[in-house]
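Numbering (our numbering), first residue to last: 56 to 175. By construction, the Cβ of each residue, glycine as well, lies at the ideal position given by its N, Cα and C atoms.
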Amino acid sequence: MGNHRNGTPTRQRNQTPKIQISTAATGGNSFRNLENDTISIRLEKVDSNAVKQAKIKDVVTLSLEENIFEVSLQQQRIGTIPVAFNSILSAQRIKQARIELIRLSPTLEVIIKVSLNSIR
Numbered sequence: 056m057g058n059h060r061n062g063t064p065t066r067q068r069n070q071t072p073k074i075q076i077s078t079a080a081t082g083g084n085s086f087r088n089l090e091n092d093t094i095s096i097r098l099e100k101v102d103s104n105a106v107k108q109a110k111i112k113d114v115v116t117l118s119l120e121e122n123i124f125e126v127s128l129q130q131q132r133i134g135t136i137p138v139a140f141n142s143i144l145s146a147q148r149i150k151q152a153r154i155e156l157i158r159l160s161p162t163l164e165v166i167i168k169v170s171l172n173s174i175r
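As structure tokens, this is what we get:
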């Protein structure tokens, strides 16, 4: 039985999108880790050929194309970042960020880690 929800969301204080990304790599917890200011993002529209050349810990670059962040590795586009992250990855923050791949899988799950700790 347990609690009965009456249709209202349990937590809705802040308007920033709460990022829920669960991955096997992190034990299934969603994360925006503000202590060391890194976020992990699962890419969309992943290019399977580009991913085959990618390796974990590769540092990738980000470019903003028509309001969509594209992630590239050695000039080859590997995917895009979901638009929900655009506010967090505001352009001035991203310029100093270190971005690296932390997970790749044959199912085209590409997870990047963005470290924003150079900005306060």
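- Message: Within 10 Å of its beta-carbon, does VAL169 have 16 or more other beta-carbons around it, so buried, or fewer, so exposed?
- Response: By the 10 Å Cβ count, VAL169 comes out buried.
- Simplified DSSP assignment, three categories, for GLN130: coil
- Is it buried or exposed for ALA139, if we count other Cβ within 10 angstroms and need 16 for buried? exposed
- Message: For ASN104, would you say it is in contact with chain D, using Cβ-to-Cβ distances shorter than 7 Å as the test?
- Response: Annotation note: the requested chain D is absent from the structure, which comprises a single protein chain.
- Message: Which same chain residues end up closer than 6 Å to PRO137 when comparing Cβ atoms and leaving out the 5 residues on each side of it in sequence?
- Response: GLU99
- Message: Distance check for GLY134 and LEU156, CA to CA, integer angstroms please.
- Response: 12 Å
- Give the straight-line distance between the Cα atoms of ALA105 and VAL126, rounded to the nearest whole angstrom. 11 Å
- Return helix, strand or coil for LYS168, following the three-state DSSP convention. strand
- Where SER145 sits in the DSSP three-state scheme: coil
- Message: With H, G and I counted as helix, E and B as strand and the rest as coil, what does DSSP make of VAL115?
- Response: coil
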